[in-house]
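Asker: Position 174 of the sequence shown, counting from 1, maps to 174 under my numbering, and the rest follow consecutively. Don't be surprised by glycine CBs; every beta carbon is placed ideally from N, CA and C.
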Amino acid sequence: MTQNPQGPYQPGQGQGGGHQPPPYGQQQPPYGQPQPPYGQPQQHKQQPGGAKIPDPPAFAQKLSGIGANWGTGGARPTMPTPKSVKWAFLLAATGAVITIAYYLIQMIAWAGYYGMFTDGFGIVGILLSAGVFVIAVMMRNGAEWARITLAVLTGLGALLALIALFSVGLVFTILGGFGVLMLIFMLAEIAAFGGSLFFLFQSDANAYFKSASPGPGPGYPPPGGPQHFGS
Numbered sequence: 001m002t003q004n005p006q007g008p009y010q011p012g013q014g015q016g017g018g019h020q021p022p023p024y025g026q027q028q029p030p031y032g033q034p035q036p037p038y039g040q041p042q043q044h045k046q047q048p049g050g051a052k053i054p055d056p057p058a059f060a061q062k063l064s065g066i067g068a069n070w071g072t073g074g075a076r077p078t079m080p081t082p083k084s085v086k087w088a089f090l091l092a093a094t095g096a097v098i099t100i101a102y103y104l105i106q107m108i109a110w111a112g113y114y115g116m117f118t119d120g121f122g123i124v125g126i127l128l129s130a131g132v133f134v135i136a137v138m139m140r141n142g143a144e145w146a147r148i149t150l151a152v153l154t155g156l157g158a159l160l161a162l163i164a165l166f167s168v169g170l171v172f173t174i175l176g177g178f179g180v181l182m183l184i185f186m187l188a189e190i191a192a193f194g195g196s197l198f199f200l201f202q203s204d205a206n207a208y209f210k211s212a213s214p215g216p217g218p219g220y221p222p223p224g225g226p227q228h229f230g231s
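1) Let me know the secondary structure DSSP gives A212 once reduced to three states.
2) Whole angstroms is fine: what's the gap from A212's alpha carbon to A92's?
3) Here's the rule I'm using: 16 or more other beta-carbon atoms within 10 Å means buried, otherwise exposed. How should N141 be labelled?
4) By a C-beta neighbour count over all protein chains shown, 10 Å radius and 16 as the cutoff for buried, is T78 buried or exposed?
5) Can you give me the start and stop residues for the alpha helix (DSSP H) that W145 sits inside?
6) Nearest to T99 by alpha carbon, out of N69, P54, L153, T149?
7) Between which two residues does the alpha helix (DSSP H) containing I123 stretch?
8) Tell me whether S84 is buried or exposed, calling it buried when 16 or more other Cβ atoms sit within 10 Å of its Cβ.
9) Under three-state DSSP, which class holds K52?
10) Given this structure, state the Cα-to-Cα distance separating F198 from A191, to the nearest angstrom.
11) With distances taken Cα to Cα, identify the nearest neighbour of G157 among E189, L165, P82, M182.
12) List the whole-angstrom C-beta distance separating A109 from F201, where the pair is believed to meet the contact cut-off of C-beta under 8 angstroms.
13) Are three or more beta carbon pairs between the stretch 64-80 and the stretch 129-146 nearer than 8 angstroms?
14) Secondary structure at R69, three-state DSSP: helix, strand or coil?
15) Just tell me which of G131, L90, A68 has its CA closest to the CA of A60.
16) Please work out which residues of its chain come closer than 7 angstroms, Cβ to Cβ, to R147, disregarding the five sequence neighbours upstream and downstream, and give them in chain order.
17) Please return the same chain residues whose Cβ sits closer than 6 angstroms to the Cβ of T94, not counting the five positions on each side in sequence.
18) Tell me which same chain residues have a C-beta within less than 6 angstroms of the C-beta of A88, skipping the five on either side of it?
19) Report the three-state DSSP secondary structure of L200 (helix, strand or coil).
20) Where does P57 land, buried or exposed, given buried means 16+ other C-beta within 10 angstroms?
21) According to DSSP, is S64 helix, strand or coil?
22) Considering only the alpha carbon of each residue, which of K86, I53, G71 lies closest to S64?
23) In the structure shown, what three-state DSSP assignment does A101 receive?
24) Looking at the structure shown, is T81 part of a helix, part of a strand, or coil, going by DSSP?
What follows is the structure in structure tokens.
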């Protein structure tokens, strides 16, 4: 009768309760030790879409809401807009504005050199850049088709600007000081479009687009409609 109460207070001396806690305590550290290594890679994978991505500057936060009420032809994501999507939108929109400015300066420079307007290609470039801005808004609003389209357009824009760098020498020779300005715009365009392409497929961006309902957008027949066709 006097030995049993000592078990809870002296676990090392009792036979019933003395041997059970040590095995349980010895098994728990091996079970707990794999947890930090297992948890650390998960945090590292989530950091590109979360912790490592800073918030856009205060002035850019206001600009990131441009066109928030535009429709996309489908369901909107249920998640709030993550940082990577905001950055992808801001960089794509910045790249579009830079490209428009680039073509305007190019048109003015060539018109001054030849004495007349000859750059119809610049007008096409301005229209395409405006389209990139609209698609960037649709992407920010959660349209998966806009994300894929924007990825293709920004990738091509960065590639074409990179190729155009090889003709910088000719631009400097003909346009002089305009060549310096156009070189700056080329480099800024590559950085903006390349950064947008990087942020488009981060983990939090993927989750954002997946949170949209997979249901069809307006204008599609309701489920089961084709089954009753002709009935």
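Answerer: Walking through what the data contain:
1) coil
2) 22 angstroms
3) buried
4) exposed
5) 144-164
6) L153
7) 120-140
8) buried
9) coil
10) 10 angstroms
11) E189
12) Going by Cβ atoms, the distance from A109 to F201 rounds to 37 angstroms, so no, they are not a contact pair.
13) yes
14) Before going on, a small fix: residue 69 reads as Asn here, not Arg. Residue state, collapsed to three classes: coil.
15) L90
16) M139, L200, F209
17) A192
18) S196, F199, L200
19) coil
20) exposed
21) coil
22) K86
23) helix
24) coil
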